[in-house]
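Beneath this line is the structure, given in structure tokens, with notes to follow.
Numbering (the numbering used here), first residue to last: 73 to 601.
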């Protein structure tokens with residue numbers, strides 16, 4: 073696309089038209105998918121930053137890559153140009169892909185950049201909340217405003233309010249609000265003579281600044297999930313050569329890591345991504361007979377997990393470094409906590425550039441960090457790769473009583489079909505359920521949401537939705553101890569089946585029964601009919 077034509081095509085929304093009935097908060101993957109699917113309602117996408125992409129644009133390291141192959145991470149109607157490239161896409165490639173998606177479907181005209189949502193007020197009154205039917209009538213669009221959205225634009229302290237019938241929350245689970253560990257008085261960062269930085273702040277630095285920050289310093293990285301692993305590797309790379317120092321990873325909870333999507337020469341999808349494979353696992357709303365069958369298949373599920381664990385223990389030096397988890401592999405997969413190792417990670421450990429220390433609790437000391445056994449690890453710089461509080465972003469803008477309903481007694485966001493909160497009317501949440509491909513999960517939910525707003529189906533009663541949500545939480549609780557992440561990876565096909573059934577489209581998407589049982593499901597199976 074020529075530069076002038078591209079600039080014209082990317083003309084963005086400068087004002088909120090009176091015809092807009094739907095507000096979308098966030099311009100990441102979920103926000104773009106929502107804008108495309110809800111285009112009939114002339115939505116307004118409020119994006120706080122100057123660009124689309126969400127965390128892929130604003131919360132990544134220089135080395136950050138996708139953990140999913142390209143064909144498994146694409147919209148059903150927009151393929152990667154180089155989808156046969158076997159390498160995992162870089163964050164820059166993902167942003168370019170998302171911009172191309174916005175170009176193709178003309179999504180720029182819906183987006184207001186530099187528009188940060190700071191307040192959301194409910195206008196529906198008591199008749200719309202806490203009733204037998206969601207939103208009072210069960211209808212998502214009432215023909216009158218239900219929410220008032222307060223927006224602060226870049227360069228201005230003024231807050232402008234706009235009224236909408238429906239709001240789609242796509243603010244995301246990652247970035248913006250760091251999760252910070254809490255310490256007793258006198259044992260926190262205030263006593264440490266060095267520098268403390270959360271990974272969120274590290275993301276804002278240039279490559280030159282990161283190297284300068286870490287080079288020749290004793291660095292401790294707190295955490296052992298994907299962001300911590302990538303950060304430790306970048307630290308080791310910055311410290312190669314004369315004068316370099318080793319990076320120490322402080323590990324509280326171990327998780328399984330995977331070098332590639334191949335297990336003993338077999339493709340990984342065979343174990344969890346086919347209809348036959350997922351038949352082994354619990355799913356929400358299953359009846360008595362299926363529950364009994366799942367119990368009978370417990371040894372088979374354990375065998376699959378052990379088979380994968382045996383390969384990982386053979387392929388990786390987990391026992392050498394004390395990094396073999398005590399829990400089964402399936403518990404990490406079922407909670408979307410399986411991390412793909414970056415190239416060269418254990419090579420750096422073998423060169424003593426990355427070290428590992430286990431500690432269930434720790435605190436700061438003047439010279440570093442103090443472990444529970446009294447051991448002190450000296451440090452000049454401590455990185456907190458401790459995650460994010462994405463739900464706090466939602467709490468910060470919602471009014472009471474809805475703010476207090478975001479998380480239920482299970483510790484999860486109680487979302488029917490991963491989208492509708494039974495007790496929050498005329499609002500949807502997209503991007504708060506995880507799977508192996510979060511893009512597919514969000515796209516299908518946005519299509520389902522478009523069907524709901526278009527009147528293709530009706531929601532069940534509030535009580536029925538609450539029962540469904542509770543059943544989903546219980547199914548996840550029985551599958552993994554890490555169930556609070558709301559991950560659907562072991563029953564993702566069943567989840568998609570339910571949304572297709574609601575929409576009145578085909579549930580079985582393959583061409584024959586052999587493919588239906590043994591072939592993996594991906595976005596291309598869910599092209600719109």
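We put the CB at the ideal spot given by N, CA and C, even for glycine.
Distance check between residue 456 and each of 270, 233, 137 places 270 closest, using alpha-carbon atoms only.
CA-CA distance, residue 123 to residue 318, rounds to 36 Å. By the neighbour-count criterion, in which 16 or more other beta carbons inside 10 Å mark a residue as buried, residue 154 falls on the exposed side. The three-state secondary structure of residue 214, taken from DSSP, is coil. Its chain contains 110, 113, 114, 115, 116, 236, 237, 238, 239, 240, 525 as the residues whose beta carbon lies nearer than 8 Å to that of residue 94, once the 5 sequence neighbours on both sides are disregarded; these appear in chain order.
The straight-line gap separating the alpha-carbon atoms of residue 243 and residue 250 is approximately 14 Å. Non-local C-beta neighbours of residue 92 in its own chain, meaning closer than 6 Å and more than five positions away in sequence, comprise 114, 116, ordered along the chain. 557 is the residue among 557, 494, 419, 537 whose C-alpha sits nearest the C-alpha of residue 484. Straight across, the Cα-Cα distance linking residue 86 with residue 184 is about 6 Å. Residue 237 carries a coil assignment under DSSP once its states are collapsed to helix, strand and coil. In the three-state scheme derived from DSSP, where H, G and I count as helix and E and B as strand, residue 256 is classed as coil. The continuous stretches of alpha helix (DSSP H) do not include residue 187, which lies in the beta strand (DSSP E) extending over residues 187 to 194.
For residue 232, the pairing in a beta bridge is given by DSSP as 223. A straight line joining the alpha-carbon of residue 426 with that of residue 554 spans about 27 Å. In this structure residue 360 is exposed. Its beta-carbon is surrounded by fewer than 16 other beta-carbon atoms within 10 angstroms. Per the DSSP secondary-structure output, residue 548 pairs with nothing in a beta bridge.
Under the three-state reduction of DSSP, residue 575 is assigned to helix.
Under the three-state reduction of DSSP output, residue 125 falls in the coil class, being neither helix nor strand.
Taking a C-beta distance under 8 Å as the contact criterion, residue 545 and residue 482 qualify as a contact pair.
Restricting attention to 518, 218, 108, 169, the CA atom closest to the CA of residue 471 is found in 218. Bridge pairing for residue 459: absent [DSSP]. Rounded to the nearest whole angstrom, the CA to CA distance from residue 539 to residue 257 is 43 Å. Counting the other CB atoms within 10 Å of its CB gives residue 232 a total below 16, which places it among the exposed residues. The residue among 351, 96, 396, 252 with its C-alpha nearest the C-alpha of residue 273 is 252. When the beta-carbon positions are compared, residue 494 and residue 537 come within less than 8 Å of each other. Straight across, the Cα-Cα distance linking residue 308 with residue 294 is about 15 Å.
In the structure shown, the three-state DSSP call for residue 560 is coil.
The beta carbon of residue 346 sits closer than 6 Å to those of 590, 592, all from its chain and outside the five residues before and after it, given in chain order. Around the beta carbon of residue 584, fewer than 16 other beta carbons sit within 10 angstroms, so the residue counts as exposed.
In the DSSP assignment, residue 118 forms a beta bridge with 97, 184.
Annotation: residue 287 to residue 324 spans about 26 Å, alpha carbon to alpha carbon.
Residue environment: residue 339 is assigned as exposed (fewer than 16 neighbouring CB atoms within 10 Å of its CB, all protein chains considered).
Comparing alpha-carbon positions, the option among 431, 349, 316, 330 lying closest to residue 322 turns out to be 431. Across the structure, residue 496 and residue 215 are spaced so that their CA atoms are roughly 18 Å apart.
Within the DSSP bridge table, the entry for residue 440 names 437, 450 as partners.
CA-CA distance, residue 505 to residue 575, rounds to 20 Å.
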